[in-house]
Each structure stands twice: as structure tokens, then as C-alpha cells.
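Working notes for the structure below.
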Amino acid sequence: MVVLQNVKFLVRVVFMVIISIVLWPVRIKKNKILFINFNGKGYGDNPKSICEYLRVTYPELDLVWLTKDNEDFPDGVRVVRYKSLQSFYEQASSKVWVYNVRNFERLLKKRGQFYIQTWHGASSFKLIEKQADLPLKYILEAKYDARVTDIMISDSRKQTEEFQKYFWYSGEIFEVGMPRNDALFHYKEDYDKLNNIRKKLSIDSDDYVILYAPTFR
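Under numbering that gives the first Met the number 0, the first residue of the sequence shown is numbered 0, with each subsequent residue one higher.
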């Protein structure tokens, strides 16, 4: 089983290198930004929040979302099937990549491209990256991923220290909070939105709300 997994790993690496070489001459488009959420899941998490801001603020941008899901996406977001041949072309021609996990189904990064890693969680409640017992193939790819990352986004000093200590990453970290949490602050006085949320959840307007959201771990 281990041998088969290693063979699959080597085949995938060779395939991605070959595709990267074939698409290396493809011109980078300065207005194109590529998003991936959890390796092909739908419109969500930190990449969604960044995409939503750009979609509204800079409608001239070409915003490309790679996904395996068949859900509806808002106007201004161009949807491409994850791991399709077109998805590799979009990667090769995008100026900016925005991911929230390690992504190993991607091309080699070219000079002139910019990779933003938002990650997907707050300070960890489990063993992560260097702390965890990980297979060698993951470690090798994670080290490459860290080496080509231009910016990581952190929600606190504690998380920044974790990135520096456990993620094989020595680059720039923006300690600006998780983009997906911005709505908790931006909409606190948007009473139309708040009332709509109450209505959907069948909560009376004069009821107090207490949120209890423990981690599943």
C-alpha cells in the first residue's frame, strides 16, 4: 500500500512538472486572480471573503474560482472545474493565487506570480505541520509550498508564531485577522441584515442571542 502511494505521488509530481513546462510560455494576465477553497470545494472561507471584496470594489478584475462543486456563484466570478486542463491554464496565466490550504495539484510558480496563503483556521487545537507525524511526501510538498508562498495571513501574534515555528515558512506574515471574520464587525450595525438573519433563524427581534460554538475536536 505504501509503495503504491509513493508511486502515485511520483507520477503526480512528474505530471505537474510536465504541465508546468508546457504552460510556462503562457503570458501572465495582471488582472487575473485565482482562488481555491479546500482543494476544490465551493464558494467559502477566507478566499470567498477576499473574492467578494474584490468583486464589488474592482469589477474589472478577472476572478477565477476552481471548484469541484456545482453550486451557484455570484456574477463577476468565473468558475472553472478543479483539476481540469483549463484549470491548469488559469493557474499559469493568473497573476495572484489565493489558497487556504496546502495545494499540491498546482503548477510550478513562475516569476511574476504572487501566492497568498490565508490558511483556514485560528490558533491550533491539534498537532499541525512540524508537530504532527506526517508522511515524507507531504513534508516535501509542504516545504516547497512554504518556499513559494509570498504572504501568509494571521489572526493573532500566537498564530504568527505558529506559522514561523511549524510551517517551514520564513516569509512575510500579515497579522490582520481572518478575512471571513470581517462580517462580524462590518455588519454589526447593518440592521436590515441582522433582522434578516433573525428572521431566517426564527429569533424574535427583542430576544438576546448567545452563540456557543465549540470546536469539533
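For each residue, glycine too, the CB sits at the ideal point set by N, CA and C.
- Inclusion of ARG179 and ASN45 in the CB contact set at 7 Å is warranted, their separation being smaller than that value.
- Each of SER83, GLN85, TYR52 and GLU89 was checked against the Cα of GLY75, and the nearest Cα belongs to TYR52.
- The criterion of a C-beta distance shorter than 7 Å is satisfied by VAL63 and ARG77.
- Runs of the beta strand (DSSP E) lying entirely within the stretch 123-171, each at least 3 residues long, are 150-153 in chain order.
- Contact check for LYS94 and LYS47: beta-carbon distance about 19 Å, past the 8 Å limit, so the pair fails to qualify.
- In this structure the stretch 137-154 lies against the stretch 166-181, because at least three pairs of beta carbons, one per stretch, are closer than 8 Å.
- Segment contact: the stretch 156-165 against the stretch 182-195, fewer than three CB-CB distances shorter than 8 Å; contact not assigned.
- Secondary structure of ILE27 (DSSP, three-state): coil.
- In the structure shown, the three-state DSSP call for LYS47 is helix.
- Of the other Cβ atoms in all chains shown, 16 or more fall within 10 Å of the Cβ of PHE87; this residue is therefore buried.
- Around the CB of TRP23, fewer than 16 other CB atoms lie within 10 Å, so the residue is classed as exposed.
- Within its own chain, the residues whose Cβ lies closer than 6 Å to the Cβ of SER19, once the five positions on either side in sequence are excluded, are LEU106 and LEU107, listed in chain order.
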